[in-house]
Amino acid sequence: MQSFDLATYYPIFIFLVFVLGFAVTAMAMAHLVGPARKTPVKQMPYESGMDPVGDARQHFDVKFYLIAILFLVFDVELLFLYPWAAMAYREGNEALLPAELRGPVFVVVLVFLATLAIGYVYAWRKGVFQWR
Amino acid sequence: MTPITLNHYLALGAVLFVCGVLCMATKRNAIGVLMGVELVLNGANINFVAFAYYLRDPQGNAVFLVEGQVFALFVIVLAAAEAAIALAIVLNFYNNHLTVDVDTAEELKG
Amino acid sequence: MFDIRTLLVLIPVLPLLAAAVTGFFGPRFLRKNSHWPCIVAVASSCVLAFLVLGKVAHAEAPLIERYYTWMQTGSLDIGLTLRADGLTALMLITITFVGSWIAIFAVGYMSHEREHEAGYARFFAAVALFVFSMTLLVLGDNYLVMFAGWEGVGLCSYLLIGFWFQKPSAAAAARKAFLVTRLGDAGMMLGILLLWAGYQYAHPQTTASGINFETAFTWASSTLPDDTDTQLFFGTVALLLLCGAVGKSAQIPLYVWLPDAMEGPTPVSALIHAATMVTAGVYLVARSMPIFHAAPPAVLLTVASIGAATALLAALIALTQHDLKRVLAYSTISQIGYMFLALGCATTDGLVLLAVTAAIFHLFTHAFFKALLFLSAGSVMHAMGNVIDMRRFSGLRTVLPTTHWTFLCGAAALAGVPLLSGFWSKDEILGAALEASHHAYGNVYMVLFISGLVTAGLTAFYTFRAYFLTFWGEVKVPPEAGHHVHESPPVMTVPLMVLAVGAVGLGIVVQPFTHWFGHLLEHHWLNSSFGGTIQPAPHGFNIPLMAGSSLFALGGVGLAWLMYVRSPALPGKLAGTMQGLYQLSLNKFHVDELYYVFFVGPATLFAGICQAIDFLVDSVVDLVGQLPGLLGKLVRPIQNGLVQFYALAMILGLTVFLSALVLRMAK
Amino acid sequence: MNPTVELANVYLLALPEIVLTLSACLLFLAGTFRQNRHFWAMKSLGILGAAAFILALPFYRQPVDPLFALQAPNMVQPIVLDRLALLLKIVALIGGAVLVLFSWNEVSDDLAAEYHACLLVIIAGVGLSAMANDLIILFLALEMISIPTYVILYLQKTDLGAREAAAKYFLLSVFSTGLLLFGFSYLYGLCGTTNITALLDGLRSTDAGRLPLIALVALVMVVAGLGFKITAVPFHFYAPDVYQGTSLTSAALLAFVPKVAGFAALLRVLDFVWPGNRPPGVALGTQAPILFWILAAMTMTVGNVLALLQDNLKRILAYSSVAHAGYMLIGLATAPELAHQAAAVGGGQAVVFYLVSYGAMTVGAFAVLAYLSTPQAPIETVDDLAGVSRSHPAVALMMAIFLFSLIGMPLTAGFAGKFFLFLGALEVRPEQAVLFRCLALIAALNAAAGAWYYLRIIAAMYLRTPLRAIDKPATWPGLAAIAVCAAITVALGVYPTPLLQAAKAAVGQ
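Chains as they are written, first to last, in the numbering used here: chain Z, 6 to 137; chain P, 131 to 240; chain S, 14 to 680; chain W, 11 to 519.
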């Protein structure tokens with residue numbers, strides 16, 4: 006097994022620095038350049054969603070859960086795409102999928118996505134995406 | 131420092147399993163019970179992934195066993211699907227019982 | 014006219030068709046004519062049964078016909094196979110002949126039901142279904158077909174006992190009958206399976222099925238005397254089969270259902286609970302005699318002891334019953350005990366024929382006179398507005414003259430009055446028991462013989478007690494009977510008369526002088542079952558034994574006369590003829606008293622004790638029935654409705670299994 | 011072989027299941043456009059028919075080696091279509107059609123499409139679990155049964171009891187899935203493959219010294235996980251509560267489908283404990299029968315004993331289903347010994363036969379209850395059936411057939427099934443003969459005691475006057491479902507040979 010060497014990861018550090026820099030710059034620019042009208046709603050920590058003031062034990066609207074679960078399910082289903090994406094088109098020694106099967110498996114993936122789409126349309130038809 | 135071996139992972143899997151089982155049997159809260167179940171599932175997942183990583187072929191060479199990984203993926207996805215259904219069931223349960231404590235459900239017994 | 018293949022299958026199928034027709038079309042289309050399919054089918058089966066008898070009598074070997082393969086896989090091959098031999102033919106005739114007349118009688122008896130047409134059709138459908146099951150039972154050529162009929166008769170018995178389901182007692186009695194007999198059936202099923210498995214084990218390469226009669230009996234009768242393992246195996250099988258027989262034939266300890274079964278309509282009691290179904294146990298043991306014979310002699314001794322004990326106990330209980338039908342029910346239990354006693358005497362090759370002939374002969378005659386008695390009792394009930402308590406009516410001999418005479422015929426036959434059919438068959442049983450006392454366990458058999466003799470006396474006593482209480486003394490009629498108490502219509506009295514002729518004359522015709530009965534059983538059944546190892550029975554009469562048993566019978570009758578006819582008038586006579594006859598009366602009185610102190614008193618006391626035993630056995634059987642329920646009550650709280658608890662139980666189960674297996678592995 | 015062809019073959023084998031699943035997806039979608047229960051029931055019947063038609067194609071006729079002949083080392087397909095799979099797929103399709111007929115009027119219009127779609131997925135799951143030759147496929151197939159079942163439980167009824175039932179079933183079922191999965195993970199670890207054929211080869215070739223402990227743990231976990239599906243004690247607790255709380259259609263579904271899948275999976279996965287010629291290495295061959303012996307004895311006794319105390323018909327049938335699972339476990343207990351001695355009726359064979367018989371009579375009994383129930387006057391307790399023989403003679407007769415079959419009266423399927431199971435227990439010889447004779451005795455006593463509660467129902471129907479009028483108008487689909495079940499029950503009792511031989515070919519003992 007290869008010994009662990011931090012040096013191999015230096016691109017990540019560069020990336021990290023870049024990201025942090027961008028975020029800080031963007032926030033600073035917005036603060037400096039943008040107009041500042043302070044309405045009560047904008048004063049709140051979260052602008053959308055729940056009213057954060059009050060007892061933590063109050064009831065949540067069930068629709069939040071619904072959206073969350075919908076997101077979770079579709080999000081997790083995409084998990085199946087990762088192995089395919091990572092493995093299907095490797096060449097040489099690392100190839101796990103015989104080249105002849107690439108086409109058929111691609112069709113399978115399409116069918117999988119179509120099934121997800123059916124689920125999506127089903128949710129849509131059921132009115133899940135309408136807030137009220 | 132001792133290297134981490136398969137046994138460590140198996141021990142972790144077993145511990146997760148036992149934690150999950152205990153959680154399942156002791157929690158009154160439906161969500162808690164569900165968490166216990168997730169622990170059990172993930173204990174199994176740890177086993178799968180660990181086996182997939184550590185198992186050797188008969189000649190002792192490291193081999194990449196894809197089944198364990200795939201199995202783990204499927205378990206994760208199914209756990210998500212089950213969580214979705216759990217939410218529906220638990221919410222309904224809440225609507226009827228005004229609590230998510232499952233020990234209030236004892237209409238059906240005997 | 015018919016070949017045997019058609020004949021054999023028609024006998025059960027005709028009643029089955031009748032049952033189906035009556036069941037489906039009875040309530041709506043046949044209505045008040047619902048009895049016709051049943052009567053026609055059973056009577057046709059009766060004619061066919063006589064044809065079968067004719068064929069059997071001319072055949073060298075049992076007639077066996079295989080209709081189709083019921084179950085077949087690997088070495089398991091069970092066909093729907095019917096057979097006709099001497100035993101089957103006699104059983105068929107008993108069932109269908111008595112059955113036809115009882116069905117005709119029922120047309121009159123059930124006339125009240127004709128207004129509720131559904132009930133009327135239901136009754137005759139069930140009776141036809143019963144005849145189907147019972148004929149299937151005796152026709153089956155392997156234990157599984159027999160078991161099918163066996164369970165079928167149990168089902169019909171259940172349906173018919175519970176016929177008047179509006180009465181809670183009837184529904185309870187029906188369920189009790191079904192469940193108690195099923196307890197025995199569980200043992201019987203195990204016996205059948207064990208027999209099959211044992212045969213497979215002993216004959217690894219065979220394709221024959223061990224539960225076919227021929228196969229099993231050939232194996233059993235070829236068992237060597239020193240092969241104790243096989244003998245023990247047959248002993249186990251025989252005892253398991255005996256469980257089924259004891260349940261179905263209402264022997265100790267499973268007799269408790271039969272007295273309760275009297276809740277059913279009286280024709281049903283006559284047909285199922287006196288003449289045919291309850292004797293299925295006797296048939297089973299007789300049919301399996303090669304297996305019982307191959308078992309250690311203690312098994313047959315068990316059969317005989319159960320029979321004798323049941324006979325005595327039931328006779329004693331019958332002494333004190335007030336319900337006419339219950340007297341007859343206990344009498345049935347007692348008489349079937351007699352048959353078991355006879356079967357249990359087949360301990361040596363020489364005794365088999367004697368014992369089995371005696372048992373089947375008694376089964377045959379008993380079917381006639383007991384059916385007759387029940388039907389006569391039914392006729393009484395019919396006239397008395399369903400009152401059956403003997404304390405509430407008396408002196409009916411002028412009111413119901415025909416019924417009186419037929420009841421008397423039946424009672425005399427049952428009591429063993431010389432020359433009537435009961436006398437001959439009972440005598441053969443006692444003869445067999447006496448003969449058995451010269452062989453293995455001789456002393457025990459001697460005791461059994463004496464108890465049989467005592468039972469004979471008791472039988473005569475309680476039978477005529479019932480007769481005198483019902484038909485003699487002052488005329489007393491319960492108010493339920495209405496104003497115009499009259500004899501039953503001819504549709505009821507004609508069957509009574511026919512059966513009365515049978516009860517009186519049949520015995521003397523078929524066996525004691527012609528030996529036709531024994532001959533049929535020997536040459537057309539037992540010889541082939543035993544592979545020719547049995548020895549012919551000695552013909553001729555044991556005059557001292559006959560004299561002795563006649564004495565007991567007549568003594569019992571006389572005592573009943575003294576107690577229930579003679580002495581009720583005694584106080585009146587005493588008052589009227591103070592002088593002159595005083596001395597004589599006094600003497601009579603003393604005689605009565607002596608009788609009372611030395612005979613009747615102890616008998617009554619003993620009968621009381623027996624009733625206590627009866628109650629005890631009843632309670633124990635009930636308790637056994639309750640046991641699963643009690644167990645359930647103990648376990649039930651575990652099912653407490655809590656999810657976590659269920660999960661915990663699953664985990665505990667898992668843990669226990671894991672640790673148990675790991676511990677076993679460690680060892 | 012060309013990998014493309016191989017892949018195509020795998021899909022071809024599963025074509026009926028693929029049709030079912032894709033149709034179910036479309037049904038979900040189309041259900042949002044049209045809400046009519048009869049329309050969707052017709053469609054489902056058509057889809058099941060299409061699946062059956064595909065199954066009848068010549069391709070499916072050539073397969074099929076028996077289960078035990080399969081262990082050629084090169085057979086590593088994830089799914090196999092052997093005779094067991096084929097038989098169970100046919101059973102599943104027939105069962106599915108009966109369930110569709112049975113729920114004809116029992117589902118509400120707006121949920122009908124979802125209900126039927128879930129049912130189709132469940133049937134596909136059963137077929138797939140019968141074919142699975144890979145732990146992953148098996149696991150997915152079982153989930154294909156479980157998850158739609160949760161949905162059906164959740165959708166069908168909305169009262170308090172139904173909610174409780176859904177919650178209970180869901181939590182415990184997920185838990186059992188966890189146990190099963192944990193067992194699978196160890197099995198995987200033992201051999202490094204999830205392919206069942208390869209797995210069993212591996213287990214057989216491992217020598218006893220290295221194998222046992224973790225294999226035992228895996229065995230017990232798998233049995234526990236599947237024990238939930240077949241309602242083996244102590245994993246049965248949910249059954250009575252859930253059956254009682256939920257609708258009759260769901261109860262019938264729960265009583266039948268998971269048992270088929272559970273026993274199919276047990277027969278497949280536990281194959282390694284009953285090889286025809288037991289290799290010396292596998293000590294499990296002697297351990298597993300003991301495990302199943304105990305499970306069988308406990309399951310049938312608890313089921314029968316608790317059923318005696320019930321008044322609620324659904325609870326009675328639930329405990330009855332527990333008891334019958336116990337009888338079937340006898341077959342699993344005796345299977346190793348019987349396979350060893352080339353018995354007439356093998357354990358697995360008897361299990362498969364009993365499974366079909368049990369399915370017909372239990373689904374039939376539930377169908378009768380559903381047929382007689384109305385939303386206003388549901389048939390809940392034994393008293394509600396009082397006097398049904400008068401108002402509905404034909405239905406009462408068929409109910410009596412089902413109950414007599416459950417009792418085990420001759421000439422019904424229940425008798426034949428019990429006969430084969432008990433015969434197996436008595437056929438075991440010689441070292442363990444006593445052990446299994448005891449089991450047969452326990453079973454016979456149980457069968458005798460069990461008669462009591464079935465007889466109560468028959469007595470109520472035939473020997474009692476009605477407490478209230480049952481005036482449900484006749485509906486032909488419900489009646490058809492009942493009639494199909496009754497016909498199967500009687501046919502298997504009168505002429506069991508064809509199924510018996512099919513079962514023998516299926517498990518190949």
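Note that CB positions come from ideal geometry on N, CA and C, so glycine has one too.
Nothing here was measured: the structure is a model prediction, and the numbers come from that model.
Among the CB atoms of chain W, one or more fall inside 8 Å of the CB of P109 of chain Z. Contact residues of the stretch 122-135 of chain Z toward chain W are I123, V126, Y127, R130 and K131 (C-beta to C-beta distance below 7 Å). When Cβ-Cβ separations below 8 Å define contact, I161 of chain P makes no contact with chain Z. Setting aside the 5 residues that flank it on each side, R405 of chain S is surrounded in the same chain by P491, each with a C-beta closer than 6 Å to its C-beta; the list follows chain order. Chain P places a beta carbon closer than 8 Å to that of Y70 of chain Z, counting this residue as a contact. A contact is defined here as three or more CB-CB pairs under 8 Å, and the stretch 180-191 of chain W meets this definition with respect to the stretch 210-228 of chain P.
Counting along the chain, the unbroken alpha helix (DSSP H) around D242 of chain S starts and ends at T241 to K261.
Any Cβ of chain S closer than 8 Å to the Cβ of A155 of chain P would place that residue at the interface, and such an atom is present. The continuous alpha helix (DSSP H) containing A262 of chain W extends over residues L258 to V279. Residues V230 of the same chain have their beta carbon placed closer than 8 Å to that of Y224 of chain P, with the five preceding and five following residues left out of the count.
The beta carbon of A573 of chain S sits closer than 7 Å to those of F474, F477, R478 and F481, all from its chain and outside the five residues before and after it, given in chain order. Think of a sphere of 8 Å around the beta carbon of I215 of chain P: the chain W residues whose beta carbon falls inside it are I157, Y160, V161, Y164 and F180, in chain order.
Boundaries of the alpha helix (DSSP H) around Q348 of chain S: L337 to L356. By the Cβ neighbour-count rule, E96 of chain Z is exposed, with fewer than 16 other Cβ atoms within 10 Å of its own. Residue S:G444 holds the alpha-carbon nearest to the alpha-carbon of P557 of chain S among S:L252, S:Q244, S:G444 and S:T345.
Nearest to T499 of chain W by alpha-carbon distance, out of W:P487, W:F194 and W:L413, is W:L413.
Along the length of the stretch 175-227 of chain W, whole alpha helix (DSSP H) runs at least 4 residues long occupy 206-215, reported in chain order. In the structure shown, the three-state DSSP call for L655 of chain S is coil. Taking C-beta separations shorter than 8 Å and ignoring five residues to either side along the sequence, the partners of G202 of chain W in its chain run G212, following chain order. According to DSSP, residue pairing for Y184 of chain P in a beta bridge does not occur. For the stretch 19-54 of chain W, the continuous alpha helix (DSSP H) assignments of 4+ residues that do not extend past its boundaries occur at 25-40, in sequence order.
Contact with chain P is found for A660 of chain S, since one of that chain's Cβ atoms lies less than 8 Å from the residue's Cβ. Three or more Cβ pairs closer than 8 Å define a contact, and the stretch 258-265 of chain S meets that threshold against the stretch 320-339 of chain S. Chain order gives no chain Z residues near P487 of chain W, where near means a beta carbon separation below 8 Å; the closest approach is about 27 Å. In this structure the stretch 252-260 of chain W does not lie against the stretch 223-230 of chain W, because fewer than three pairs of beta carbons, one per stretch, are closer than 8 Å. Per the C-alpha coordinates, the member of S:R135, S:R44 and S:I24 positioned closest to S57 of chain S is S:I24.
Contact residues of the stretch 39-51 of chain W toward chain Z are L39 and T42 (C-beta to C-beta distance below 7 Å). Residues of chain Z with a Cβ closer than 9 Å to the Cβ of V205 of chain P do not exist, since the nearest Cβ in that chain sits about 11 Å away. A186 of chain S sits close to I174 of chain S, with the two beta carbons spaced by under 8 Å. Counting only the Cα atoms, I91 of chain S lies some 13 Å from E227 of chain S. Looking from the CA of G553 of chain S, the closest CA among S:T333, S:A33, S:W437 and S:A662 belongs to S:W437. For G166 of chain P, the secondary structure class from DSSP, reduced to helix, strand or coil, is helix. DSSP, read as helix, strand or coil, puts I91 of chain S in strand. DSSP, read as helix, strand or coil, puts Q218 of chain S in coil. Counting of Cβ neighbours within 10 angstroms places M32 of chain Z among the exposed residues, the total staying below 16.
Bounds of the beta strand (DSSP E) holding I77 of chain S are L76 to T86.
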